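Some notes on the structure that comes next.
Numbering (our numbering), first residue to last: 1 to 180.
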């Protein structure tokens, strides 16, 4: 009797696990990336929590911080538009041509211009933040941004090191699973 009960339970678990597994695959297909506006809203909400702002201060801070994030995003996208023009399917298949000295010089100057523009945005919004927040809170914003950037960079590097469809990397000190 006990063995029959165990067999029935194992069969139920097996059927249930297959159903759950199938549902997870469907959810992955339906999952969409958030829009840049949604990401900015999430970042603003997270920053409000990090700074522990009251409702009145949060109401003043959120639109200013979202404007700051939008301005920074525009600055960061400045040089990407020019780089993406040359990146199409045909360009990826052929060997990349070696850039000329003039092209390299232009890229460097564009990076300088982008850095200046980012600095200008940070200075402008520092003055805006100063009207709402204390210097300690403003410093906390910059520290949190730097910390998040480092986390994203590490995650990007980790994912970049993986081959397509490889899954998670092995834990340090353990051998990697055998591949076929």
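No residue lacks a Cβ here, since even glycine has one placed at the ideal position from N, Cα and C.
Computed from a predicted model, the values in this text were never measured in an experiment.
Going by DSSP, residue 51 is part of the alpha helix (DSSP H) stretching over 36-51.
In the DSSP assignment, residue 102 falls within the alpha helix (DSSP H) that extends over 101-132. One thing to note: residue 47 has its Cβ within 7 Å of the Cβ of residue 65. The C-alpha of residue 12 lies about 14 Å from the C-alpha of residue 3.
Counting along the chain, no alpha helix (DSSP H) covers residue 162, and no H or E run does either. Within a 10 Å sphere around the beta-carbon of residue 1 sit fewer than 16 other beta-carbons, which makes this residue exposed. Contact between residue 121 and residue 44 does not hold, since the beta-carbon distance rounds to 16 Å and is not under 8 Å.
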